[in-house]
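Chains as they are written, first to last, in this note's numbering: chain A, 25 to 74; chain B, 35 to 618.
Just so it is clear, CB atoms sit at the ideal spot from N, CA and C, and this is done for glycine as well.
Source: prediction; values computed, not measured.
Working notes, structure below.
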Amino acid sequence: STVICVFEKDSIKIDEDLLANSARSLETLVTVGMQLGVSFPKLENCVLEP
Amino acid sequence: GNGNSTETKESRRSKMRKKIQNFRSRRRLSRPGSGSVSGLASQRSVSADDFAGIALLTLIGAEMKFKDKWLACVSFGEQTFRSEISDSTEKPIWNSEKKLLLEKNGPSLARISVFETNRLLKNNIVGYCELDLLDFVVQEPDSTCKSFDLLDPASSNVVGSMFVSCSVEDPVETETCFAKRILSIVDYDEDGKLSFSEFSDLMNAFGNVVAANKKEELFKAADLNGDGVVTIDELAALLAVQQEQEPIINSCPVCGEALQLDKLNAMIHMTLCFDEGTGNQMTGGFLTDRQASYGWMFKLSEWTHLSTYDVGLNTGSSASHIVVIDRKTKRLVEELIDSKIVMSMRAIYQSKIGLRLMDQGAKEILQNLSEKQGKKMNSVESAQNIPSFLEFFKDQINMAEVKYPLDHFKTFNEFFVRELKPGARPIACMDQDDVAVSAADCRLMAFQSVDDSTRFWIKGRKFSIKGLLGNDVQSDAFLDGSLVIFRLAPQDYHRFHSPVSGVIEKFVNVSGSLYTVNPIAVNSKYCNVFTENKRTIVIISTAEFGKVAFVAIGATMVGSISFVRQEGDHVKKGDELGYFSFGG
Chain A
25 STVICVFEKD
35 SIKIDEDLLA
45 NSARSLETLV
55 TVGMQLGVSF
65 PKLENCVLEP
Chain B
35 GNGNSTETKE
45 SRRSKMRKKI
55 QNFRSRRRLS
65 RPGSGSVSGL
75 ASQRSVSADD
85 FAGIALLTLI
95 GAEMKFKDKW
105 LACVSFGEQT
115 FRSEISDSTE
125 KPIWNSEKKL
135 LLEKNGPSLA
145 RISVFETNRL
155 LKNNIVGYCE
165 LDLLDFVVQE
175 PDSTCKSFDL
185 LDPASSNVVG
195 SMFVSCSVED
205 PVETETCFAK
215 RILSIVDYDE
225 DGKLSFSEFS
235 DLMNAFGNVV
245 AANKKEELFK
255 AADLNGDGVV
265 TIDELAALLA
275 VQQEQEPIIN
285 SCPVCGEALQ
295 LDKLNAMIHM
305 TLCFDEGTGN
315 QMTGGFLTDR
325 QASYGWMFKL
335 SEWTHLSTYD
345 VGLNTGSSAS
355 HIVVIDRKTK
365 RLVEELIDSK
375 IVMSMRAIYQ
385 SKIGLRLMDQ
395 GAKEILQNLS
405 EKQGKKMNSV
415 ESAQNIPSFL
425 EFFKDQINMA
435 EVKYPLDHFK
445 TFNEFFVREL
455 KPGARPIACM
465 DQDDVAVSAA
475 DCRLMAFQSV
485 DDSTRFWIKG
495 RKFSIKGLLG
505 NDVQSDAFLD
515 GSLVIFRLAP
525 QDYHRFHSPV
535 SGVIEKFVNV
545 SGSLYTVNPI
555 AVNSKYCNVF
565 TENKRTIVII
575 STAEFGKVAF
585 VAIGATMVGS
595 ISFVRQEGDH
605 VKKGDELGYF
615 SFGG
């Protein structure tokens, strides 16, 4: 069995090590709760300094 | 020789015709009594003198006197096969084929019955005809279409016409095609060449116990230029010669039947077995659970060792490996799978022939096996399997972190969906909802874009986000999104958790197949596991990540998906969402 999570475009920055292994077609052994990635700061929340 | 030249074909054809004519005249002189046994070669021995060939019978269509939905049945010897049901018409077209074994002293009379099918009458016979297949191929050697009157079984009035063709395959061609076909199964990359390990796998599938050095000797004999690979043609030729000396094939790789007969019988048996379920074949007789359970072609899942079918996981030379990297230790870890299972999965999922076979009925077998497995694993007796399972995965299952002691689990399924002690899985940055976490104990693949996922991992040609999420989920926002795949192996903790904090917006169930989710299938261009398997999609609405689609996908044996949360529930990242268990 498998779970797939789909995130909206530009909503998550996935951790580099996971991306690097996957780009080598190599699965990474992980456990529940390990960090996957962080959300990209939403542009609308950014306030440009004058 | 040049087997493709017109002259050679002509001379074979005329030889064949002569041979069949000889059989006909001898049969007329010494026709056996009734009660002759028919069927596959495994059921009785066929001597070279008795073998007339493999007849390809095609039920083309019929002309009836009224409009209805029609199906046709062929009875030959002790076997009966049926076509698909036609559209509602006066002129049904089936184009259904069946390969039948023709023997000198075997059955040759085929009875074709045409049934009307509707809700009120069910399958009501309307007409029938009988034809002698040997007569047919002698009179019409080029397999032209011939019509036969369909007779009413009650009054013998003519009620329609049946259109049929029949031809006999040249035994030499049957043999050549068979050798190439069986060898092509292990030609995983379809380059027409076999490596030694592929050849070795094939010998194992044939139930052959020849020593490793004998296999090597055989392989080297074919590898004339010593480059470590041989072409299928070279190997087919070698096998043909070797088979004369000592049998290489001891059991049928399709149905698992022991083949204690000669080369001819083995070849006939396997030719008929391989054809079953492929092309526009009539259905009948073969794809039973019992037969399926014996053949390696149907050992389609890494879970099979837990089934009743007694494959057993092997270690050492017969084990294959999937290599994964442990994120904690940064070490490569090998996942053991029996090489026969790997070979079965590759044969089925990574070849066109395999997937065609799957389309024609093996899907139902997977469903049935999974349902049966669910019942079995819910029985009290199944608890007996827990200790051996733990022993096999002793380095990978930590009972110290399991919530309940071993004697708490009354069935294997209860153990399979075991809960862990609170705190056994620390959640990263628990107070920061802008950090997403792993949803399962698993082997994970992550891609920043869908394009990357198809470039590096998902090879099914029909994969798309829209296909994955189905028609009932608004998928536009996810189309160019990021993808994380969590694959659970047999020994893994089988509960899944929310990777993000948010509100569960909705659940959508999509019915489908139960293909394996092993990388062998995911990496196959012919198989579309993620868009064809049974699955449930959960949409979680979050403040930090927008919407997240969580898709739980069932697989062979482990096809049951349960949730412990409902629509409208607020979930914190790391909260349990549900679990996978044995079942259909």
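Start-to-end residues for the alpha helix (DSSP H) that takes in residue i
i	result
VAL414/B	Per DSSP, VAL414/B belongs to no alpha helix (DSSP H) and is neither H nor E.
PHE15/B	Any property of residue 15/B remains undetermined from this structure, which presents chain B solely from 35 to 618.
ASP485/B	484-490
ASP183/B	No alpha helix (DSSP H) holds ASP183/B; the beta strand (DSSP E) holding it covers 180-185.
ALA144/B	Not the alpha helix (DSSP H): ALA144/B falls in the beta strand (DSSP E), residues 143-152.
LEU517/B	Taken as a continuous stretch (DSSP letters only), LEU517/B belongs to no alpha helix (DSSP H), being part of the beta strand (DSSP E) at 516-521.
LYS37/A	First-last for LYS37/A: 36-38, but that is the beta strand (DSSP E), not the alpha helix (DSSP H).
PHE427/B	Unbroken run through PHE427/B: none, as it is neither H nor E.
Distance between residue j and residue i (C-alpha atoms, nearest Å)
i	j	result
VAL192/B	GLU124/B	15 Å
CYS29/A	VAL367/B	24 Å
ALA577/B	GLY536/B	7 Å
ARG58/B	SER122/B	The pLDDT assigned to ARG58/B is 38, lower than 50, so where the model puts this residue is not dependable, and the model offers no usable value.
PRO533/B	GLU610/B	10 Å
GLN325/B	SER285/B	Because the pLDDT of GLN325/B is 44, which lies under 50, any placement of that residue in the model is unreliable, and the number read from its coordinates should be weighed accordingly. Roughly 12 Å separates the two Cα atoms.
VAL544/B	ARG569/B	5 Å
LYS132/B	GLU539/B	51 Å
GLY546/B	ILE382/B	18 Å
VAL54/A	ASP204/B	57 Å
GLU601/B	ILE571/B	12 Å
GLU448/B	VAL414/B	10 Å
ASN419/B	ILE587/B	25 Å
ALA353/B	SER231/B	Confidence at ALA353/B is low in this model, with a pLDDT of 46, below 50, so the placement of that residue should be treated as unreliable; the coordinate-derived value is given next. Cα to Cα, ALA353/B sits roughly 12 Å from SER231/B.
PHE614/B	SER594/B	6 Å
ILE519/B	ASP526/B	15 Å
GLN59/A	CYS463/B	8 Å
TYR162/B	SER130/B	17 Å
First through last residue of the beta strand (DSSP E) which encompasses residue i
i	result
ASN567/B	Here ASN567/B belongs to no beta strand (DSSP E), and DSSP marks it neither H nor E.
LYS103/B	102-110
GLY61/A	59-63
LEU136/B	127-137
ALA586/B	581-587
VAL172/B	Per DSSP, VAL172/B belongs to no beta strand (DSSP E); it is in the alpha helix (DSSP H), 167-173.
VAL30/A	26-31
Which of helix, strand or coil DSSP assigns to residue i
i	result
LEU389/B	helix
ALA462/B	coil
THR305/B	helix
ALA474/B	coil
THR208/B	helix
TYR613/B	strand
LEU53/A	strand
ARG361/B	coil
ASP603/B	coil
VAL193/B	strand
SER59/B	Caution applies to SER59/B, whose pLDDT of 40 falls short of 50 and renders its modelled position unreliable; the value that the coordinates give is listed next. SER59/B falls in the helix class under three-state DSSP.
GLY226/B	coil
ARG380/B	helix
GLY630/B	Missing from the structure shown is residue 630/B; chain B here goes from 35 to 618 and no further.
LYS540/B	strand
ALA188/B	coil
CB contact flag (residue i, residue j, <8 Å)
i	j	result
LEU478/B	THR52/A	yes
TRP128/B	ALA144/B	no
GLY61/A	GLY608/B	no
GLY617/B	SER416/B	no
ALA470/B	ILE36/A	yes
VAL484/B	ILE461/B	no
SER229/B	GLN384/B	no
LEU167/B	LEU136/B	yes
LYS103/B	ASN152/B	yes
ASP506/B	VAL542/B	yes
ALA300/B	VAL27/A	no
ILE574/B	VAL605/B	yes
GLU9/A	GLY515/B	Nothing about residue 9/A can be read from this structure; chain A reaches only from 25 to 74.
VAL171/B	PHE182/B	no
Chain E within 8 Å of residue i, Cβ atoms only
i	result
VAL358/B	Among the protein chains in the structure shown, which are A and B, there is no chain E.
Quick one: which residues of the segment 436-463 of chain B get their C-beta closer than 9 Å to a C-beta of chain A? List them in chain order.
LEU454, ALA458, ARG459, PRO460, ILE461, ALA462, CYS463
Taking a cut of 8 Å between CB atoms, which residues from the segment 572-583 of chain B lie near chain A?
GLU578, PHE579, GLY580, LYS581, VAL582, ALA583
Residues of the segment 472-489 of chain B with Cβ closer than 9 Å to any Cβ of chain A, in chain order:
SER472, ALA473, ALA474, ASP475, CYS476, ARG477, LEU478, MET479, ALA480, PHE481, GLN482, SER483, VAL484, ASP486, SER487, ARG489
Closer than 8 Å between beta carbons: that is the criterion. Which residues of the segment 498-514 of chain B meet it against chain A?
ILE499, LEU502, LEU503, ALA511, PHE512, LEU513, ASP514
Beta carbons nearer than 9 Å to chain A: which residues of the segment 531-554 of chain B have them?
HIS531, PRO533, VAL534, VAL551, PRO553
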